[in-house]
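Mind the numbering: the sequence shown is residues 599 to 832 in this note's numbering, read in order. Here the structure comes first, spelled out in structure tokens, and everything after it is commentary.
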Amino acid sequence: MMSGRMPGSRTVSMTSRLDHIVIAAKTLEEGSLYIRNALGVDIPPGGRHLFMGTHNLVMAIGEAVYLEVIAIDPTLDAPRHPRWFGLDDPYVRNWLQTSPRLLTWAINTPDLEALVVNSVVPPGEIVEAARDDLRWKVAFREDGSMPAGGLLPLCIEWQTDFHPASRMTGSGWRLESLRLFHNRPQWLGEALEAIEAIDEVEIHELDDRQAPYLEAILDGPQGPVAITGNDLSY
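Right under this line is the structure:
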């Protein structure tokens with residue numbers, strides 16, 4: 599296992615924090631059932647992303663951390679560009695046919711421009727978004743792909759004086775740890791160090807026969823529960 603800062607890595611003038619974890623589903627109904635079966639709670643509705651053709655469910659899993667279930671919104675027109683989180687990728691769509699998945703995670707930073715400049719793996723172009731009184735910037739790849747297949751985070755800069763988790767329904771669950779399993783842990787650690795996010799996760803090494811994946815450990819009324827992004831549902 600690897601965690602903490604890595605020797606010889608670059609530093610940047612910003613502080614990144616784990617913002618939320620992202621579970622993708624074929625439909626929000628399937629995602630809601632997945633959370634109910636895993637955690638025994640009903641996750642409340644979030645909103646719609648008109649510029650991405652998606653909608654979500656959200657719940658707080660910490661003071662400034664939340665869990666998001668996201669799916670394509672069938673009532674919205676498809677955007678002219680690929681949707682985020684690889685939701686238009688045939689491989690991802692096929693993967694979600696069997697079960698919702700812990701697909702990726704997100705960090706927030708006070709200086710997204712500096713983060714993009716210092717990134718080892720380009721997170722994408724910065725775009726601005728808004729919904730109601732919530733405003734943010736996000737680094738988005740034009741092809742909709744996720745850096746390192748989702749093991750590197752979506753990068754956000756909130757432009758409000760509050761974190762959205764503070765307005766979300768409490769779930770009784772808290773995120774205890776986020777574990778990243780990868781065949782090249784040193785490379786992954788260096789990429790996370792460059793954006794000051796390595797302290798937010800644990801990195802575990804896989805052999806070359808295994809596909810990288812994420813695992814979130816949540817603690818709540820039922821005790822610890824692991825939600826994974828591999829071929830196990832939870």
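Using N, Cα and C, we set each Cβ at its ideal position, and we do this for glycine too. Predicted model only: the values in this text are computed from it and were never measured.
For TRP785, the three-state secondary structure derived from DSSP is helix. Here ILE621 has GLY629, TYR632, ILE633, LEU665, GLU666, VAL667, ILE668, PRO698, ARG699, LEU700, LEU701 and ILE825 as same chain residues with Cβ atoms under 8 angstroms from its own Cβ, once five neighbours each way along the sequence are excluded.
The way I'd put it, the segment 757-765 doesn't touch the segment 781-793; fewer than three beta-carbon pairs between them come closer than 8 angstroms. Inter-segment contact for the segment 707-721 and the segment 679-690 is absent: fewer than three beta-carbon pairs are separated by less than 8 angstroms. Assigned with DSSP and collapsed to three states, ASN692 falls in helix.
VAL714: member of the alpha helix (DSSP H) spanning 710-716, first to last residue. The residues ARG646 and ASP671, in chain order, have a CB closer than 6 angstroms to that of HIS653 in the same chain once the five nearest residues on each side in sequence are set aside. The C-alpha of LEU655 lies about 7 angstroms from the C-alpha of LEU626. MET657 is bridged by DSSP to LEU665. In the DSSP assignment, PRO822 is bridged to ASP817. The segment 765-773 and the segment 716-723 do not touch, with fewer than three beta-carbon pairs separated by less than 8 angstroms.
Rounded to the nearest angstrom, the gap between the Cα atoms of ALA636 and ASP817 is 12 angstroms.
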